[in-house]
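In the working numbering, the protein residues as written are 16 to 324.
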Ligand SMILES: C[S@@+](CC[C@H](N)C(=O)[O-])C[C@H]1O[C@@H](n2cnc3c(N)ncnc32)[C@H](O)[C@@H]1O
């Protein structure tokens, strides 16, 4: 069976031009396993050798000091004692970017509006050295159970969990949070190396429903941020409607701007200003598109936004 449907291939060819073949080859390869060391419990110099002792090969990432690619004959890292003991978290490499870019600091009040199972919330906790407060919200109780497990296992003290529709935060807690993570539900095209079902197109109706939820969550994140606060919008899809289309909607309707982001040692493409019949706000070009062939990761999109005071 071909990896992409004909519609998906048409869209990717339009998006990637000459890079399409390279992109397709990368999507066919399995995704490297990546672990992030939990510096609340131990440092990479202690954790990486422990994993090597369990028979895995560990290659530290050059661009992020706490994480490494791991491979081994038995890729069952989640069943090792260091994992049960909370010394690391298994996290897709590109998904490390939002927190690295948002730079949450101790003493800040952070909202993670769609947080489960907690890759970014637990990463933020370690960047904040277990200080300040992170409100980690999700609408799904099942997924929040996984987050609770990670919080306990990793010795995290500064996360409080809420279970509600994230679209309500803007009204309930306006102008409150220094920084907001809006890692939104999406069509998941960027996860194709982990799950080939991600190559299936959502129907136009399903895509519309998704973009409406994404816009509402991003507006809620915007309203919940303090004036001058930062919002990090991200998805693990490559669809422009769910990415630049959503950020463009915020830029056109609310007082905010996007911020250019530097990623030393990591390749990315700029956000696109046009897609089929649509023209987006010019500031979407500050967003980053991460394609699997650029760094041998999953696909990802992110945009750093400042709420104007
Ligand atoms: C991409 S996943 C989040 C991954 C998470 N940020 C992490 O880093 O582990 C999107 C999440 O959005 C949640 N979600 C969907 N609709 C929501 C809503 N209206 N309010 C809050 N969360 C929602 C889903 O349950 C799902 O856990």
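Where is the CB? At the ideal position from N, CA and C, for every residue including glycine.
Between residue i and residue j, how many whole angstroms is the CB-CB distance? I'm expecting something under 8 Å.
i, j, result
"residue 185", "residue 239", "5 Å"
"residue 271", "residue 248", "Not a contact, Cβ separation roughly 11 Å."
"residue 161", "residue 131", "6 Å"
"residue 156", "residue 141", "With a Cβ gap of about 25 Å, residue 156 and residue 141 do not count as contacting."
"residue 159", "residue 174", "About 11 Å; that fails the 8 Å criterion."
"residue 281", "residue 301", "Between residue 301 and residue 281 the Cβ distance is about 16 Å, and since that is not below 8 Å, they are no contact."
"residue 362", "residue 144", "Because residue 362 is not part of the residues shown, which for the chain are 16 to 324, the question remains open."
"residue 63", "residue 75", "7 Å"
Is it the case that the Cβ atoms of residue i and residue j are separated by a distance below 8 Å?
i, j, result
"residue 46", "residue 208", "yes"
"residue 71", "residue 92", "yes"
"residue 283", "residue 204", "no"
"residue 286", "residue 109", "no"
"residue 322", "residue 246", "yes"
"residue 256", "residue 226", "yes"
"residue 170", "residue 60", "no"
"residue 82", "residue 307", "no"
"residue 218", "residue 262", "no"
"residue 192", "residue 250", "no"
"residue 126", "residue 195", "yes"
"residue 78", "residue 279", "yes"
"residue 216", "residue 22", "yes"
"residue 273", "residue 320", "yes"
"residue 18", "residue 43", "yes"
Could you say if the segment 85-100 and the segment 114-121 meet the contact criterion of at least three C-beta pairs nearer than 8 Å? no
Extract the residue ranges of the beta strand (DSSP E) inside the segment 98-132, only unbroken runs of 3 or more that lie entirely within it. 103-105, 124-127
Decide yes or no for the touch test of the segment 48-56 against the segment 131-143: beta carbon pairs closer than 8 Å, at least 3 of them. yes
Complete beta strand (DSSP E) runs within the segment 146-197 (minimum length 3 residues, chain order): List check, beta strand (DSSP E) in window: 148-153, 174-178.
With three or more C-beta pairs closer than 8 Å as the rule, is the segment 191-207 touching the segment 164-174? Not touching, per the Cβ criterion.
Answer yes if the segment 260-270 comes into contact with the segment 291-311, meaning at least three C-beta pairs across the two stretches below 8 Å, and no otherwise. yes
Assess contact between the segment 220-228 and the segment 151-158, defined as three or more Cβ pairs (one per stretch) separated by less than 8 Å. Is contact present? no
At 4 residues or longer, what runs of the alpha helix (DSSP H) sit wholly inside the segment 220-285? 259-268
The segment 280-294 touching the segment 225-235, judged by at least three CB pairs closer than 8 Å: Counting Cβ pairs under 8 Å, fewer than three are found: no touch.
Unbroken alpha helix (DSSP H) runs of length 4 or more, entirely within the segment 31-71: which are they? 35-43, 59-68
Note down, one range per segment and in chain order, each alpha helix (DSSP H) of at least 4 residues found wholly within the segment 291-318. You should have 307-310.
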